[in-house]
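Comments concern the structure below.
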Amino acid sequence: MVAFVTMTNAADQNPTDYTRLPEMGAGVFTAPLQRPAHVGEDWLEPAQRRYSPAEHAVWDTLYARQLEVLPGRAASAFMAGLERLDLGRGGVPDFARLSEELGALTGWSVAPVPMLIPDHVFFWHLANRRFPAGNFIRGADSLDYIQEPDVFHDVFGHVPMLADPTYADYMQEYGRAGWKAMRHNRLKSLGALYWYTVEFGLIQEADGIRAYGAGILSGPTEAVFAVEAQSPNRIMLNVDRVMRTDYVIDDLQPTYFVIESFDALYHDTVDRDFDRLYRSLPPGFTYANSAVIDVDDVLHRGTQEYLLRGGRGSGAKPV
Ligand SMILES: [Fe+2]
176 MVAFVTMTNA ADQNPTDYTR LPEMGAGVFT APLQRPAHVG EDWLEPAQRR YSPAEHAVWD
236 TLYARQLEVL PGRAASAFMA GLERLDLGRG GVPDFARLSE ELGALTGWSV APVPMLIPDH
296 VFFWHLANRR FPAGNFIRGA DSLDYIQEPD VFHDVFGHVP MLADPTYADY MQEYGRAGWK
356 AMRHNRLKSL GALYWYTVEF GLIQEADGIR AYGAGILSGP TEAVFAVEAQ SPNRIMLNVD
416 RVMRTDYVID DLQPTYFVIE SFDALYHDTV DRDFDRLYRS LPPGFTYANS AVIDVDDVLH
476 RGTQEYLLRG GRGSGAKPV
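Structure below.
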């Protein structure tokens, strides 16, 4: 790997030790989470859950459903990762086996956690190339709705991309970037970057736009909507702009941001002076999630028909 200058800390006088769990400073805005009694400060489960046959069958159902919509819509790197890690061999993947195979490719591992974990613990795991994955799986009666990321979202959605060496480096650098965002109390801005890249990112490929974000790839509706629908905006990624942009957590996105390549994503973030950027960012978001602004390089200006008709809950078609 190359030496990183600004997204992390090489310019700082006291280099950060990323192997140690960071302290979340007093006054840093973040979601409060109650740590279950059976996990330690690392929030890792002692072992992966033993899934029942019915739970393994939920994985197989979800897997088969996604494979019907993803070819031609998912990024080539995602499809390649899915195949290399053989996530469709049947049932919820065994994390130990997965970590071994992923470790051989990019040095990442997958570790079970009970639920959403606090930001500083999440950053620490990513900075050490561990991907924390939800241990539980949604029920057969709620295939489309989950309140927290489960093993299907986390492993099917995120892990194939970690087999791509450049993307794997980006994720580690994202974790390291958390230290600086915490110092500046700008976790909200860094969270927007994660949202619009790791969760809902699109990439321009030779054959057209494809999705690489886990939030898109782990559900059938958004996989089609993000890539093909007329409603959402598709705008080239501009890191400064994205970090000022609000997002939707419980419905399809009104705007998606598109990268040229993973190499461009990596350099657009790692080579940026985040100290300077954080000093210029307000604590809240400047732009609404559906806004198109002057500086945007717009690939598709969305009709926002889905949103205007009321979005989820209104019965509006995701067109
Ligand atoms: Fe996710």
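Going left to right, the sequence shown walks through residues 176 to 494 as this note's numbering numbers them.
Idealized CB from N, CA, C, for every residue including glycine.
Computed from a prediction, not measured in an experiment: that's the story for all the values here.
- Mapping DSSP to helix, strand and coil, what is T191? The residue labelled residue 191 in the question sits at position 16 within the sequence shown. In this structure, T191 counts as coil in the three-state DSSP scheme.
- Query: What span of residues does the beta strand (DSSP E) with R302 cover, start to end?
  - Reply: Residue 302 sits at position 127 when you count from the first residue of the sequence shown. Arg is not the amino acid found at residue 302; the sequence shown has Ala there. Careful: A302 lies outside any beta strand (DSSP E), inside the alpha helix (DSSP H) at D294 to A302.
- Task: Can you grab the Cα-Cα spacing for the pair N310 / H333, in whole Å?
- Result: For this step, residue 310 is matched to residue 135 along the sequence shown. For this step, residue 333 is matched to residue 158 along the sequence shown. Cα-Cα distance, rounded: 14 angstroms.
- Where V433 falls: helix, strand or coil (DSSP): Stepping through the sequence shown from its first residue, residue 433 is reached at position 258. Correct three-state label for V433: strand.
- Item | Sufficient close CB pairs (3 or more, under 8 angstroms) joining the segment 391-406 to the segment 329-345 | yes
- Between G486 and Y238, what straight-line distance do the alpha-carbon atoms span, to the nearest angstrom? As a first step, residue 486 must be located in the sequence shown, where it is residue number 311. As a first step, residue 238 must be located in the sequence shown, where it is residue number 63. Looking at the two C-alpha atoms, the distance is approximately 26 angstroms.
- Query: Around the C-beta of L242, are 16 or more other C-beta atoms found within 10 angstroms, so that it is buried, or is it exposed?
  - Reply: Locating residue 242 in the sequence shown gives position 67, counting from the first residue. The residue is exposed, with fewer than 16 neighbouring Cβ atoms inside 10 Å.
- Limits of the beta strand (DSSP E) - the one that S406 falls within: On the sequence shown, position 231 is the one that residue 406 refers to. Note, S406: premise wrong, no beta strand (DSSP E); not H, not E.
- Taking all protein chains shown into account, do 16 or more other C-beta atoms lie within 10 angstroms of the C-beta of L482, making it buried, or fewer, making it exposed? As a position in the sequence shown, residue 482 is number 307, starting the count at 1. Looking at its Cβ environment, which holds 16 or more other Cβ atoms inside 10 Å, L482 is buried.
- Message: Taking its Cβ as the centre, do 16 or more other Cβ atoms sit within 10 Å of L260, making it buried, or is it exposed?
- Response: As a working note, residue 260 is residue 85 in the sequence shown. Looking at its Cβ environment, which holds 16 or more other Cβ atoms inside 10 Å, L260 is buried.
- Query: Is the CB-CB distance between R447 and V414 below 8 angstroms?
  - Reply: Counting from one through the sequence shown, the residue named residue 447 turns up at place 272. Counting from one through the sequence shown, the residue named residue 414 turns up at place 239. Cβ distance < 8 angstroms, so R447 and V414 count as in contact.
- Using a threshold of 7 angstroms, is the CB atom of G332 nearer than that to any non-hydrogen atom of ligand 1? Along the sequence shown, one-based indexing puts residue 332 at 157. Yes, ligand 1 has a heavy atom inside 7 angstroms of this Cβ.
- Task: Tell whether a beta-carbon distance below 8 angstroms holds between M254 and L245.
- Result: To locate residue 254, count along the sequence shown from 1; it is residue 79. To locate residue 245, count along the sequence shown from 1; it is residue 70. Their beta carbons are under 8 angstroms apart, which means M254 touches L245 by this criterion.
- Item | F297 burial status per 10 Å Cβ neighbour count (16 or more: buried) | For this step, residue 297 is matched to residue 122 along the sequence shown. Counting Cβ neighbours within 10 Å, F297 comes out buried, since at least 16 surround it.
- Are the beta-carbon atoms of Y369 and Y387 separated by less than 8 angstroms? Mapped onto the sequence shown, residue 369 falls at position 194. Mapped onto the sequence shown, residue 387 falls at position 212. For Y369 and Y387, no; Cβs fall outside 8 angstroms.
- Message: Between L273 and V285, how many whole angstroms is the CB-CB distance? I'm expecting something under 8 angstroms.
- Response: As a first step, residue 273 must be located in the sequence shown, where it is residue number 98. As a first step, residue 285 must be located in the sequence shown, where it is residue number 110. Confirmed, about 5 angstroms.
- Message: Run through the DSSP bridge pairs and tell me what L377 is partnered with.
- Response: Stepping through the sequence shown from its first residue, residue 377 is reached at position 202. A386 and V433, per the DSSP bridge assignment.
- Message: DSSP three-state label for F306, please.
- Response: Counting from one through the sequence shown, the residue named residue 306 turns up at place 131. Strand.
- Other residues of its chain near E435: CB distance less than 7 angstroms, five sequence neighbours each side excluded: Counting from 1 along the sequence shown, the entry for residue 435 is found at position 260. Result list for E435: Q379, in chain order.
- Can you tell me which of L318, V494 and K492 puts its alpha carbon nearest to the alpha carbon of D235? Your numbering for residue 235 matches position 60 in the sequence shown. Measuring from the Cα of D235, the nearest candidate turns out to be L318.
- In three-state terms, what does DSSP make of L474? Here residue 474 refers to the residue found at position 299 when the sequence shown is read from its first residue. In the structure shown, L474 sits in a strand (DSSP, three-state: E or B).
- Query: Around the C-beta of V177, are 16 or more other C-beta atoms found within 10 angstroms, so that it is buried, or is it exposed?
  - Reply: If you number the sequence shown from 1, residue 177 lands on position 2. With a pLDDT of only 41 at V177, under 50, the local geometry of the prediction cannot be trusted, and the value read off the model is given with reservation. That one is exposed.
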